[in-house]
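Data first, discussion second: the structure below is written as structure tokens.
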Amino acid sequence: MENILELKDVSYVYGSGTPFEMVALKNVSVGFEKGKITGVIGHTGSGKSTLVQLLNGLLRPQTGSILLNGEDIWQKPKEIQKIRYRVGLVMQYPEYQLFDETVRADIGYAPRNMGLSPEEVEARVKEAAAFVRLDESLLAQSPFALSGGQKRRAAIAGIIAMRPEVLVLDEPAAGLDPLGRSEILGGLREYQRTCGATVILVSHSMEDMAQYCDRIVALNHAEVFLNGTVDEVFSRSRELAEVGLDIPRIARIAIALQKRGVPLDGNLYTVPGVAKAYLRAWQEKQRRSTAAQAGEGDHA
Amino acid sequence: MLKDITLGQYFPGNSVIHKMDPRAKLIVAILYIVAIFCAQNVVCFAALLLSAFLLILLSRISVITILRGLKPIMFVLLFTAIINVFLTGDTTEPPLWQAEIPIFSLVWRPTIYRAGVIRAIFTSIRVMVLIMVTSIFLTYTTSPITLTDAIEELLAPLKLLHIPVHDFAMMMTIALLFIPTLIEETDKIMNAQKARGADFANGSLVKRAKALVPVLIPLFVSAFKRAEDLAVAMECRCYRGGKGRTKLHKLQYHARDIVAFLLMCAFLAGIFVVNYYNPLEISL
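So this is what it looks like as structure tokens:
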């Protein structure tokens, strides 16, 4: 598969040369596939937030390079702003960035900065609001009058309105209730499917990762620890557990069932997947027992 | 970028100066400032430099750190020195040097007198020692919170005049506590707006000032929200001002504080005496 965004031997150290030196990333090489949702996991301090800020040029790698469609994003440092429009970054708790008088104006901030015509800005605002399922009647309100979940969606729409080739989100669902989570993440999935966009999602929730991602990159101690499809990564649950990362609860149940001799196969990290696999196993067992009964009948 | 700003950086440590009572440090620092401004001749300034050096050694803070603390005032120092060199005139003496610039000399001839040089050197030393010593006593070795405590204690007599000393001290403490939080938050919001195409570095002054609006509004909103949360949290813990409030860490004077105070008094007295006798006859 084609990588739209690629890190090559990237290292980043905070406060190098001081007593507070901290290595955030160490020789990280990783590619993000075009048109896929890639999840980034890793526990606190593993370098996730540094990684996302490197991707859109908020931080500059001290060694190594970051390639967008094969071109180094720091080739022309003066034009890094253009890269930031192409790789949209939604920071953690993005509702803190809302500032304008109306939601419409706030979502339109980035498109206005891009120098688009007022008509184009308006079209993009409507389109972005639709993707995050923000009702059009809310566009005329002050962003500070919205509820927490609505604020979050307005902030994400503010990035989607740039129509970025790659959308990077740092914990977009943190602190929301289950309904809010599924609405935001489901909206992202829909956005990715209809626009063919590439999405990079940082999260702590393995359940969300299993449900919404195609690929997963696991970071541990500033290095890439695992990189593969959701299947590949979650099938190595023991290694994940060893570095202190979790696997979805349902995957743990599936493993326990397998240990007890229940033959499960297929997608074993989402609830519907495991339910289907269990049903298949059960049907298979039923079929066998009837076949065995039939066999016994033949002998008799 | 914003993290490079250090507002009164405190270096935890275990030196004699660290252990001194913050009230004593405040008083000693004030006496020292008096000494700096009373110093008039070369022996006094030598004593000031020597004592500043001794204080650095006592505080066990690296000389490099302290010199780095002087960097921001270097420009002011240089500027005052130049003004002093050229504009101090003691016309009873022959000038050391006089510029000969055609035409321009008709208007003003830059002239350097001995008195000007001496004044420039003395003023520079004064400002340098002032910054070094106050930062050794009050910022490098005293945490902002203990310092506020000390100010509250020292100003306690003003309570008799119904001045709300405790409330002012509490406001100061809270303000100090929130500086790092607000800096971090500003950094975060700036990054978020940069990701949306905000440009803080380029363009005209008006344009750059306008670019800050999307940073300032969210910052104010969150600062007010934090203030409200903090007020509620304080009320939940029954905070009702200073009345009847006891302290966990009560400030106490020790022998070293008294010794420091007496030494400082002796130093100040010494400066006065040397000023009067002027041994090397070089003075302002």
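If you read the protein sequences in the order shown, they are chains V and S.
What the first sequence shows, in my numbering, is residues -1 to 298, in sequence order.
What the second sequence shows, in my numbering, is residues 4 to 287, in sequence order.
Backbone N, C-alpha and C define an ideal beta-carbon position, used for all residues, glycine too.
If you're wondering where the values come from, they're calculated on a predicted model, not measured in any experiment.
In the DSSP assignment, Gly146(V) falls within the unbroken alpha helix (DSSP H) covering Gly146 to Ile158.
For a Cβ distance threshold of 9 Å, nothing in chain S lies close to Gly259(V): the least Cβ distance comes to about 51 Å. In terms of Cβ geometry, Val132(S) and Leu51(S) form a close pair [threshold 8 Å]. Residues of the stretch 108 to 133 of chain V whose Cβ lies closer than 7 Å to any Cβ of chain S, in chain order: Ala108, Asn111 and Met112. In the three-state scheme derived from DSSP, where H, G and I count as helix and E and B as strand, Gly29(V) is classed as strand.
Between the stretch 234 to 252 of chain V and the stretch 180 to 194 of chain V, the count of Cβ pairs shorter than 8 Å is below three; the stretches do not touch. Per the coordinates, the alpha-carbon of Leu185(S) lies some 15 Å from the alpha-carbon of Glu231(S). A distance of 8 Å or more separates the beta carbons of Lys24(V) and Leu65(V). Residue contact check for Gly200(S) against chain V: a CB pair falls below 8 Å.
Distances from the CA of Gln209(V) to each of Met112(V), Leu266(V) and Glu0(V) were compared; the closest alpha carbon is that of Leu266(V). Judged by DSSP secondary structure, Tyr12(V) falls within the beta strand (DSSP E) whose first and last residues are Asn1 to Tyr12. Taking Ser140(V) as the centre and dropping the five residues before and after it, the same chain places the C-beta of Glu99, Thr100 and Val101 closer than 8 Å to its C-beta, in chain order.
When 9 Å is used as the limit between beta carbons, Ile86(S) is near no residue of chain V, the shortest such separation being about 37 Å. With a beta-carbon spacing of about 13 Å, Val28(V) and Asn218(V) fall beyond the 8 Å limit used to define contacts.
For Arg150(V), none of the residues of chain S pass the 7 Å Cβ criterion, the least Cβ distance being about 13 Å. In its chain, beyond the 5 residues on either side, Asp98 and Gly156 have a beta carbon closer than 7 Å to the beta carbon of Tyr107(V). Per DSSP, reduced to three states, the secondary structure at Phe223(V) is strand. DSSP places Val197(V) inside the beta strand (DSSP E), whose first and last residues are Thr196 to Val200. Contact annotation: the stretch 67 to 79 of chain V does not touch the stretch 167 to 174 of chain S, with fewer than three C-beta pairs closer than 8 Å. Collapsing the DSSP output to three states places Gly37(V) in a strand.
Neighbours of Asn278(S) in chain V, taken as residues whose beta carbon is under 8 Å from its own, are absent, since the nearest beta carbon is some 43 Å off. If you check the CB distance, Leu52(V) and Val38(V) do not come in under 8 Å. Counting only the Cα atoms, Val209(S) lies some 25 Å from Ile81(V).
Chain V places no beta carbon closer than 8 Å to that of Lys210(S), leaving this residue out of the contacts. Per DSSP, Asn218(V) is one residue of the beta strand (DSSP E) stretching across Arg213 to Asn218. Taking the beta carbon of Asn218(V) as reference, no residue of chain S falls within 7 Å; the closest one sits roughly 25 Å away. Remark: fewer than three beta-carbon pairs, one from each stretch, lie closer than 8 Å, so the stretch 108 to 115 of chain V and the stretch 53 to 63 of chain V are not flagged as touching. Contact note: Gln196(S) reaches chain V through Gln95, using a C-beta cutoff of 7 Å and chain order. Residues of the stretch 33 to 67 of chain V with a C-beta less than 8 Å from any C-beta of chain S: Gln51, Asn54 and Leu56, listed in chain order. Asp168(V) is the residue among Asn1(V), Asp168(V) and Pro261(V) whose C-alpha sits nearest the C-alpha of Thr42(V).
Beta-carbon to beta-carbon, Glu163(V) and Val88(V) are separated by about 15 Å, too far to satisfy the 8 Å threshold. Unbroken beta strand (DSSP E) stretches of 3 residues or longer found wholly inside the stretch 42 to 104 of chain V: 61 to 66 and 85 to 88, given in chain order. Against chain V, the CB of Val224(S) has a partner CB under 8 Å away; the residue lies at that interface.
In this structure, Leu271(S) keeps its C-beta atom at 8 Å or more from the C-beta atom of Leu53(S). With a threshold of 8 Å between beta carbons, Ile157(V) makes contact with chain S. In the structure shown, Lys274(V) falls within a helical segment according to DSSP collapsed to helix, strand and coil.
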